[in-house]
Every structure is written in structure tokens, then in C-alpha cells.
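Before any comments, here is the structure.
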Amino acid sequence: MKVGQGIVQEAVCSGDENILTAILEVRVLQRHVQRVTHVPKLVRHLLDAPDFYIEMKWEFTSWGDASDVSFTSQ
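Right, dumping it as C-alpha cells:
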């Protein structure tokens, strides 16, 4: 069991929406703080690397049925 999972399960089982909302807000804040502090460290490490090179490819996919999408111009 993950840390904090027990309190989430308890909030869900008891139907206490306020506790569940508070837990989720704290988790969002924790993730934001981690990103804000760790991304600059990562960038600094990458810039300090003597011969660093990266290529990125973006691919967008959809789980929906493509036949439902209409591409008409108006």
C-alpha cells in the first residue's frame, strides 16, 4: 500500500468529499513544488553536460473514434 493511500480510501469509503478534496489539493501542490524545484536542477545538469544532444518527437493520438469527428469549414 502506498503512503497516504489509506486516508484516501477512508475518505472515499466514508463519502467525505471535503477530506478527499483537501487530500487531492495537497497532492497537486506537492507535485507543483517538486516540478518547480526539480526542473531547474535538471536543466542545469543538462547545460553542464559537455556534449549533450537531444531530439524530441511529438505524436498526438486519440482514444476516441475518428469517425465521430467532423472537419468541415464554415
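In terms of the working numbering, the sequence shown opens at residue -16 and continues consecutively. C-beta: ideal position from N, C-alpha, C; glycine also.
Terminal residues of the alpha helix (DSSP H) in which residue i lies
i: residue 60; result: No answer is possible for residue 60: the residues shown for the chain start at -16 and end at 57.
Contact belief for residue i with residue j at Cβ below 8 Å, rounded distance in angstroms
i: residue 3; j: residue 11; result: So it is not a contact: roughly 13 Å between Cβ atoms.
Reduced DSSP secondary structure (H/G/I, E/B, other) of residue i
i: residue 42; result: coil
i: residue 37; result: coil
i: residue -16; result: Reliability fails at residue -16, whose pLDDT of 49 lies under 50, so the model's placement of it is uncertain and the value that follows must be treated cautiously. Coil, per DSSP.
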